[in-house]
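Remarks on the structure that follows.
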Amino acid sequence: MFEAFSCTVGKPEAPSAAKSPEAPGVPARLGSKPLRLIIVGANPSEHAWLSGHYYSNPGNWMWRILKDTGIAPSNIRGSQDDGKMQEEAGVGFIDVGVGHPCTQLCSISTDTFQSWIDTFYGHLTEHVQQACKSIGCACGKCGCPAVVAFSGKRQFMELMNFGRPRRDRLKKLDTGLQAAGPIGWPLPATTELWVMTSTSGASPMTNEERYATWKDLATLLAKLDHPREISCPIVSAEPQEACDRLQ
Ligand SMILES: [Zn+2]
Numbered sequence: 009m010f011e012a013f014s015c016t017v018g019k020p021e022a023p024s025a026a027k028s029p030e031a032p033g034v035p036a037r038l039g040s041k042p043l044r045l046i047i048v049g050a051n052p053s054e055h056a057w058l059s060g061h062y063y064s065n066p067g068n069w070m071w072r073i074l075k076d077t078g079i080a081p082s083n084i085r086g087s088q089d090d091g092k093m094q095e096e097a098g099v100g101f102i103d104v105g106v107g108h109p110c111t112q113l114c115s116i117s118t119d120t121f122q123s124w125i126d127t128f129y130g131h132l133t134e135h136v137q138q139a140c141k142s143i144g145c146a147c148g149k150c151g152c153p154a155v156v157a158f159s160g161k162r163q164f165m166e167l168m169n170f171g172r173p174r175r176d177r178l179k180k181l182d183t184g185l186q187a188a189g190p191i192g193w194p195l196p197a198t199t200e201l202w203v204m205t206s207t208s209g210a211s212p213m214t215n216e217e218r219y220a221t222w223k224d225l226a227t228l229l230a231k232l233d234h235p236r237e238i239s240c241p242i243v244s245a246e247p248q249e250a251c252d253r254l255q
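According to the numbering used here, the sequence shown is numbered sequentially starting from 9.
See the structure below:
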């Protein structure tokens, strides 16, 4: 089955693994309640697509890092529990290229990558609407995740450069908390944006380098309640006060 997989990015007419009946694929796993963290990958690897779980390739460091830093609680075993992380830890998963499996990230063109952005933003918007509804939020912001963390530089760079004139495009960026978001980003500034060190086993680096940003992120998350304690300022305010806030 693994041998039969062929990367379809850039070859829209080729038989797609997305249509293969035996491949479970990796849908957005964001749940319907407010999250502490959404981890955003580039697009599913072949391994993830065929296993049905995020970051399932044993060579990928993601689950080791999530468990070692405490971002994943001790009862989470690994990628097979990616669908439990929303309830258990307030952590969701999605890729910019959700629904587009391909292992060789470097073979994906900027045009292809950017053609995925609308759908990706649509998933985030839909999730926030559901999360707001789940807590009776009337302002449309309380259900937003506290942090969105990109699990590598490429996907954040493509979002940042989308819609910018060539001369204004970023050529490099630092990991960690970002000062600004992409044009058209659907979440408010209260959601922090982080760019993380890649968890790909193919990235050569020391463990200290590999873990550094994830440890910083874990320190922040440890301060956030789960389930999140949120009271919508509009719902909890007196009617007149609510009107003032809306103006
Ligand atoms: Zn609200």
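Virtual Cβ for every residue (Gly too), placed ideally from N, Cα, C. Since this is a predicted model, take the numbers as computed values, not measurements.
Using a 10 angstroms sphere on the CB of Q163, the tally of other CB atoms reaches 16 or more, which defines it as buried. Relative to the Cα of W124, the nearest Cα in the group D176, T133, A50 and K180 belongs to A50.
Fewer than three Cβ pairs drawn from the stretch 173-183 and the stretch 127-140 lie within less than 8 Å of each other, which leaves the two stretches out of contact. Rounded to the nearest whole angstrom, the C-alpha separation of D103 and I242 is 32 Å. Between P42 and C114, the C-beta gap is not smaller than 8 Å, which leaves the two residues out of contact. Approximately 17 Å separates the beta-carbon atoms of W57 and G86; this is outside 8 Å, ruling out the contact.
Per DSSP, the unbroken alpha helix (DSSP H) holding F128 starts and ends at I125 to S142. No Cβ-Cβ contact shorter than 8 Å links V106 with R44. With a cutoff of 7 Å, A154 does not count as near ligand 1, since its C-beta is closer than that to no heavy atom of the ligand. Unbroken alpha helix (DSSP H) runs of no fewer than 4 residues, entirely contained in the stretch 57-106, are found at 70-76 and 93-97, following chain order. Of S53, V203 and N215, the smallest CA-CA separation from I46 is found for V203. Proximity annotation: ligand 1 has residues C145, C147, C150 and C240 in chain order, each selected because its CB is closer than 5 Å to a heavy atom of the ligand. Under a 10 Å Cβ-count criterion, K231 is classified as exposed, with fewer than 16 other Cβ atoms of the shown protein chains found around its own Cβ.
For the 8 Å CB-CB criterion, I73 and T207 form a contact. Taking a 10 Å sphere around the C-beta of M213, we find fewer than 16 other C-beta atoms and assign the residue as exposed. The Cβ atoms of A220 and T205 lie closer than 8 Å to each other.
The beta-carbon separation of D224 and G184, rounded to 7 Å, stays under the 8 Å limit for a contact. For the pair G67 and G209, the CB atoms are nearer than the 8 Å cut-off. Secondary-structure assignment with DSSP links F158 through a beta bridge to V48 and V203.
Beyond the five residues adjoining it in sequence on each side, L167 comes within less than 6 Å, by CB distance, of P190 in the same chain, given in chain order. The beta-carbon separation of Q94 and H61, rounded to 14 Å, does not stay under the 8 Å limit for a contact. Annotation for K223: the continuous alpha helix (DSSP H) segment containing it runs N215 to L229. L185 is bridged by DSSP to W202. Bridge pairing for R37: F101 [DSSP].
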